[in-house]
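Participant: Under my numbering, the very last position in the sequence shown is 513; numbers go up by exactly one each time.
For every residue, glycine included, the Cβ atom is placed at its ideal position computed from N, Cα and C.
Just so we're clear, the structure is a prediction, and the values are computed from it rather than from any experiment.
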Amino acid sequence: MQNNDKENMDQIDNNEELIDDGVVDSTDTADEVTQLTTRVAELEDKNLRLFAEFENFRKRTQKEKYELIKTASQDILSALLPVLDDFDRTKKIAGEMAEQDGFVEGVLLVYKKLQTLVNSKGLVALESNNEVFDPELHDAISHIQAPDPSMVGKVIDTIEKGYLLNDKLIRHAKVVVGA
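1. Would you mind working out which of 512, 412, 476 sits nearest residue 499, comparing C-alpha positions?
2. For residue 460, which three-state DSSP category applies?
3. Residue range of the beta strand (DSSP E) that residue 512 falls in?
4. For the ligand NAD, any of its heavy atoms closer than 7 Å to the Cβ of residue 378?
5. Is it buried or exposed for residue 400, if we count other Cβ within 10 angstroms and need 16 for buried?
6. Excluding the 5 residues preceding and the 5 following residue 452 in the sequence, name in chain order all residues of the same chain whose CB lies nearer than 8 Å to its CB.
7. Please classify residue 490 as buried or exposed, where buried requires at least 16 neighbouring CB atoms within 10 angstroms.
8. What alpha helix (DSSP H) runs, 4 residues minimum, are completely inside the stretch 431 to 493?
9. As a quick exercise: from 513, 512, 507, pick the residue whose alpha carbon is nearest that of residue 416.
10. Tell me the DSSP bridge mates of residue 497?
11. Quick check: what's the CA-CA separation for residue 501 versus residue 405?
12. Measure the C-alpha to C-alpha separation of residue 446 and residue 427 and round it to an integer number of angstroms.
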């Protein structure tokens with residue numbers, strides 16, 4: 335592009351010399367000026383388009399980078415889901431125990447810290463019990479007789495929690511649905 339600009343400048347200088355020498359008449363000069371003006375307008379338009387295209391590219395790559403960073407932790411958090419499930423079961427059993435010793439309290443403390451950590455990274459557990467069955471969020475493991483008519487089509491029990499990571503579903507909840 336710089337070569338074309340240099341060539342155009344050289345041609346303009348040559349034209350000015352020819353005009354000064356009286357070699358070129360004014361009609362030829364007017365035609366060349368019109369051509370050069372058109373060429374300059376084309377180059378300016380091309381320059382603006384390239385600038386706009388570059389800006390769009392920059393914005394697109396910035397958005398892709400943000401999305402990559404946002405979901406980069408998905409693999410690690412997905413691998414931690416079975417650990418969270420184990421902690422949930424442990425917490426349930428510990429809650430049923432009549433006497434809780436220091437070990438149980440320590441395990442519950444570790445569970446709370448882990449839960450706080452994954453929540454700070456955008457991981458949220460789906461609360462499914464008593465909710466209307468949604469195939470976008472739930473996997474129906476089985477259907478059982480609903481305890482009352484208002485529970486037909488609703489989740490009776492959650493076998494395995496579902497999780498959202500930054501509002502994106504990463505695991506469906508495995509549920510029992512009332513029939």
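Facilitator: If we stick to the structure as given:
1. In the sequence shown, the residue the question calls residue 499 occupies position 165. Per the Cα distances, 412.
2. The residue given as residue 460 occupies position 126 in the sequence shown. Residue 460: coil per DSSP, three-state reduction.
3. Position 178 of the sequence shown, counted from the first residue, corresponds to residue 512. If you look at residue 512, you'll find it in the beta strand (DSSP E) that goes 507 to 512.
4. No copy of the ligand NAD occurs in the structure displayed, which carries no ligand at all.
5. To locate residue 400, count along the sequence shown from 1; it is residue 66. Classification for residue 400: exposed.
6. By 1-based counting over the sequence shown, the position of residue 452 is 118. Correct list, in chain order: 411, 414, 418.
7. The sequence position of residue 490 within the sequence shown is 156, counting from 1. Buried.
8. Runs of alpha helix (DSSP H) with 4 or more residues, each lying fully within the stretch 431 to 493, are found at 436 to 454, listed in chain order.
9. Your numbering for residue 416 matches position 82 in the sequence shown. Closest in C-alpha terms to residue 416, from the list 513, 512, 507, comes 507.
10. Indexing the sequence shown from 1 puts residue 497 at position 163. The partner list for residue 497 (beta bridge, DSSP) reads 459, 505.
11. Sequence index remark: in the sequence shown, residue 501 carries index 167 (1-based). Sequence index remark: in the sequence shown, residue 405 carries index 71 (1-based). So the two alpha carbons sit approximately 11 Å from each other.
12. Counted from its first residue, the sequence shown places residue 446 at position 112. Counted from its first residue, the sequence shown places residue 427 at position 93. The straight-line gap from Cα to Cα measures roughly 16 Å.
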